[in-house]
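J.: Sharing a structure here in structure tokens format.
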Amino acid sequence: MTFHVLLALAALLAGAVASVVGFGIGSLLTPLLSLRVGTQLAVAAISIPHVFATALRFWRLRAHVDRRVLVSFGVTSAAGGLTGALLHSFANNRALSIAFGIILIFVGVSELTGLARRMRFHGAVAWIAGAISGLFGGLVGNQGGIRSAALLGFDVDKQSFVATATAIGLVVDAARMPVYFATQPREIAHIWVLILIATIGTLVGTLLGVRALHGIPERVFRNIVAAVLLALGVYMTLKGGA
2 MTFHVLLALA ALLAGAVASV VGFGIGSLLT PLLSLRVGTQ LAVAAISIPH VFATALRFWR
62 LRAHVDRRVL VSFGVTSAAG GLTGALLHSF ANNRALSIAF GIILIFVGVS ELTGLARRMR
122 FHGAVAWIAG AISGLFGGLV GNQGGIRSAA LLGFDVDKQS FVATATAIGL VVDAARMPVY
182 FATQPREIAH IWVLILIATI GTLVGTLLGV RALHGIPERV FRNIVAAVLL ALGVYMTLKG
242 GA
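Residue numbers for the sequence shown follow the working numbering, beginning at 2 and rising by one.
Quick look at the structure:
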């Protein structure tokens, strides 16, 4: 029962955070659920509350989606997500966690120090960034962090940032979820209660977070995203090295 309450609270927080910075559900809930069911099943199971909360967030912010970024970045992100999901069971999670963490630390520091403002993605670079972010997402179940890190390289406002990240997240979910369900159907069904708790929590958190997003100043918003990326990067690096 204690774990169920903790999962519900974490899901509420994850949904709210994701509505503000464009990611957080997989990053916060996957490590927690993995304590009970293992990392591989946790990645697959959390994809369910992730897709429901992402769909709700998309519906609330759909008018702000940047279609240019969605096409150039989202298509290759979905392809990378599918590839990562197919390779998920063969991945070296420790090495991936360290690599993932280092990338996020670099992006977080770059944005906070102003270095990132000199770098913007255009053309082929945008396609490559999408493919890499999707690949990491399928492999480690934390595609939101690396996707938001890459999206900081585009010149978009806060609502377009979150809305576009959300739209891309739905595309990636559509690519990777069938693979999870095909490879672990019984295991996922066995923990349906935990999945239901996480889903309800993330939906409520999403509604609260979308409201909070509107009141955050633009410059503060990018610093918040950078700080969350930095914290996640440190966590993933330490986790991989443990």
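A virtual CB, placed ideally from N, CA and C, is assigned to each residue, including glycine.
1) Expressed to the nearest angstrom, what Euclidean distance is found between the alpha-carbon atoms of S78 and H191?
2) Check M237 in the structure and name its three-state DSSP category.
3) For the alpha helix (DSSP H) that D174 lies in, which residues bound it at each end?
4) Provide the residue span of the alpha helix (DSSP H) that contains G258, from first to last.
5) So what does DSSP say about V66, is it helix, strand or coil?
6) Just tell me which of R63, Y236 and R37 has its CA closest to the CA of V211.
7) With a cut-off of 8 Å on the beta carbons, I'd call L140 and L88 a contact; round off their distance for me.
8) Could you say if the segment 106-114 and the segment 48-59 meet the contact criterion of at least three C-beta pairs nearer than 8 Å?
9) Do you know how far the Cα of R220 is from the Cα of L8?
10) Please specify which runs of the alpha helix (DSSP H), each continuous and at least 4 residues long, are wholly inside the segment 26-64, giving them in chain order.
11) On a Cα-Cα basis, can you pick out the residue from V18, V52, A17 and W193 that is closest to I169?
12) Near A54, which residues of its chain fall below 7 Å by C-beta distance, leaving aside the five closest residues on each side in sequence?
13) Just verifying my parser: in three-state terms, what is the DSSP assignment at L153?
14) Using a Cβ-Cβ cutoff of less than 6 Å, which residues in the same chain neighbour G102 once the five nearest sequence positions on both sides are dropped?
15) Can V229 and V22 be called in contact, C-beta distance under 8 Å?
16) Do V226 and T165 come within 8 Å of each other at the CB atom, strictly closer than that value?
17) Taking the alpha-carbon positions, what's the I99 to K240 distance?
18) When the Cα atoms are used, what is the spatial distance from T31 to I47?
19) Going by DSSP in three states, F222 sits in which element: helix, strand or coil?
T.: Per the coordinate set shown:
1) Stepping through the sequence shown from its first residue, residue 78 is reached at position 77. Stepping through the sequence shown from its first residue, residue 191 is reached at position 190. One C-alpha to the other measures close to 30 Å.
2) Taking the first residue of the sequence shown as 1, we reach residue 237 at position 236. Helix at M237.
3) Taking the sequence shown and counting its residues from 1, one reaches residue 174 at position 173. Start and end: K159 to T184.
4) Limits of the chain in this structure are 2 at one end and 243 at the other, which puts residue 258 out of reach.
5) Against the sequence shown, residue 66 aligns to sequence position 65. Looking at V66 - three-state DSSP - the assignment turns out to be coil, as it is neither helix nor strand.
6) Position 210 of the sequence shown, counted from the first residue, corresponds to residue 211. Among R63, Y236 and R37, the Cα nearest to that of V211 is on R63.
7) Start at 1 with the first residue of the sequence shown, and residue 140 comes out as number 139. Start at 1 with the first residue of the sequence shown, and residue 88 comes out as number 87. Confirmed, about 6 Å.
8) no
9) Along the sequence shown, one-based indexing puts residue 8 at 7. Along the sequence shown, one-based indexing puts residue 220 at 219. Distance between the alpha carbons of L8 and R220 is about 32 Å.
10) 26-38 and 40-62
11) On the sequence shown, position 168 is the one that residue 169 refers to. Comparing Cα positions, the closest option is V52.
12) Taking the sequence shown and counting its residues from 1, one reaches residue 54 at position 53. For A54, where only same-chain residues beyond five positions count, the Cβ hits under 7 Å are G16, A19, I26, T203, L204 and T207.
13) In the sequence shown, residue 153 corresponds to position 152, counting from 1. In this structure, L153 counts as coil in the three-state DSSP scheme.
14) To locate residue 102, count along the sequence shown from 1; it is residue 101. Here the set comprises G234, M237 and T238.
15) To locate residue 229, count along the sequence shown from 1; it is residue 228. To locate residue 22, count along the sequence shown from 1; it is residue 21. Yes, they are a contact pair.
16) What you label residue 165 is simply residue 164 of the sequence shown in a count that begins at 1. What you label residue 226 is simply residue 225 of the sequence shown in a count that begins at 1. No, these two residues do not count as a Cβ contact at 8 Å.
17) As a position in the sequence shown, residue 99 is number 98, starting the count at 1. As a position in the sequence shown, residue 240 is number 239, starting the count at 1. Roughly 8 Å between the two C-alpha positions.
18) Along the sequence shown, one-based indexing puts residue 31 at 30. Along the sequence shown, one-based indexing puts residue 47 at 46. Taking the straight line from one Cα to the other gives about 6 Å.
19) Here residue 222 corresponds to residue number 221 of the sequence shown, with the count starting at 1. Three-state DSSP puts F222 in a helix.
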